[in-house]
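One rule links them: number in the numbering used here = place in the sequence shown (from 1) + 5.
A virtual CB, placed ideally from N, CA and C, is assigned to each residue, including glycine.
Treat the numbers as computed from the prediction; the structure is a model and nothing was measured.
Encoded as structure tokens, the structure appears first; notes follow it.
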Amino acid sequence: MWKALSGVLATREALFSRKCAADLLCPFCKSRSESIEHMLLLCDWSRKIWYGSPLTLIINPMHISSFANWYDLFVADDSPITDYDKSYIACLCWNIWKTRSVSVFNAAAPNPSQVLISTAAAVNEFWKINHSLPNITRSSEIFNSVWKPPDSGIVKINCDGAFSEAKKMAAIGIIACDSSGSFLKGWRKVVDADSGFLSELLACKKEVQLASEFNEARLL
Ligand SMILES: [Zn+2]
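Below you can see the structure in the form of structure tokens.
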């Protein structure tokens, strides 16, 4: 986070300005300069992650002047954001950067579902170690919420599918959360689909199948 806030992450844009990269374009969408803001917040795959997370953040490019200014919204002294959500934001940023770097190294498309699963597991582990799960009530003033945790005793399962035109590959991801918004279980799988629509249909089908694993639980 310190590197991102200080503007010293080694994005393509930063490397290009130091004459250490042949171009400054984002390695995934190849349509924008890969700035810290683009990489962490604005590229299509990053935006899916913010929206697909329990924070359900819709990243509006018109509201992003810099990553540091965006982040200040959440950590300012008068911010209503809980410590739990701050930890979620930090973990999401870390996992986006980590996944971005591995994907660039492997010349592969990044997997938003995997970032969500890894982040949920890391945040859960962090708060378990601290033995003090804080209040996770979220303010709709900052979080333009669409996703909400289910009522007590209910497990909520969300799914998504994605198709990469460039790689001709499709994958699905499913995540289950409890009433505190905590991660319970997640799945991801490469599937045989030739469109985003078909991959989403397969995700829904798999979600219904996997829901049976929560034997006694009430599901949403
Ligand atoms: Zn991009």
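CA-to-CA, the gap between Leu97 and Thr124 works out to about 6 angstroms. In this structure, ligand 1 has a non-hydrogen atom nearer than 8 angstroms to the beta-carbon of Cys48. By the Cβ test, the region 116 to 131 is in contact with the region 79 to 99, since at least three Cβ pairs between them sit closer than 8 angstroms. With respect to Ser204, Pro154 sits apart: the two C-beta atoms are not nearer than 9 angstroms. Remark: the C-beta of Phe33 is in contact range of ligand 1, defined as less than 8 angstroms to any heavy atom.
Less than 9 angstroms separates the beta-carbon of Ile180 from that of Lys190. In the DSSP assignment, Leu224 is bridged to Val160. Beta-bridge pairing by DSSP links Arg193 to Gly178. Here Ala208 carries a helix assignment [DSSP, helix/strand/coil]. For Leu60, no alpha helix (DSSP H) encloses it, and the DSSP letter there is neither H nor E. Ligand 1 approaches Arg37 closely enough that one of its heavy atoms is under 8 angstroms from the residue's Cβ. Pro66 and Leu45 do not touch by the CB rule: their CB atoms are close to 13 angstroms apart, not below 8 angstroms.
Considered as a whole, the region 56 to 120 harbours 72 to 80, 88 to 111 as its complete alpha helix (DSSP H) runs of no fewer than 4 residues, in chain order.
If you ignore the 5 residues before and after Ser118, its C-beta comes within less than 6 angstroms of the C-beta of Gly178, Arg193, all in its own chain and listed in chain order. Not one heavy atom of ligand 1 falls within 8 angstroms of the beta-carbon of His68. When C-alpha distances from Glu218 are compared across Ile162, Pro32, Ala198, Asp199, the shortest belongs to Ile162. When DSSP reads this structure, Asp165 sits in a beta bridge with Gly178.
Shown here for Glu212: same chain residues with a beta carbon closer than 7 angstroms to its own, the five before and five after excluded, namely Ile162, Cys164, Ile179 in chain order.
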